[in-house]
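Structure, as structure tokens:
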Amino acid sequence: FADIGDIVRGKDLYLGKKKRGQTERDQLDKKLKTIFKKIHKEVTRGNNKEVLQKRYEGDTKNFFQLREDWWNANRATVWYAITCGAGESDKYFRNACSNNTTETDKKCRCDDKANIDPPTYFDYVPQYLR
């Protein structure tokens, strides 16, 4: 989960393997820049365009501020998609509850508590410290 946040925010330390002069990381960064360029274009034309244009002024090359804001706004949704969005037959969870006799059984956490929020803020801890 935290690695996804690093990738989205452009802070991932993994450089990728070289393929024909361009690394996998370069390809991913290029695609993310394209995506965030579209988001930037839409966001700066909306209802709060003056405020957002000022916020993202000068952030048109790598869109780091926009990427950070997007991650902050969507991290819970990403976490839900990874965990709670898994179907009943998906094997995302390991045997964790009930002394390894059952999986988390149609829940996102043990003890019938739905997992609404990501479990930690490790996605904001630098990779080299995790």
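If you're matching positions, the sequence shown starts at 1 in the UniProt record's numbering and goes up one per residue.
Positions of the beta carbon are idealized from the N, C-alpha and C atoms, including for glycine.
Since this is a predicted model, take the numbers as computed values, not measurements.
For F63, there is no enclosing alpha helix (DSSP H), since its DSSP letter is neither H nor E. Taking a C-beta distance under 9 Å as the contact criterion, N72 and K33 do not qualify as a contact pair. Annotation: D6 to D12 spans about 5 Å, alpha carbon to alpha carbon.
Residue state for T44 is assigned as coil, using DSSP reduced to three classes. In the structure shown, T83 falls within a coil segment according to DSSP collapsed to helix, strand and coil. Between R67 and R9, the C-beta gap is smaller than 9 Å, which places the two residues in contact.
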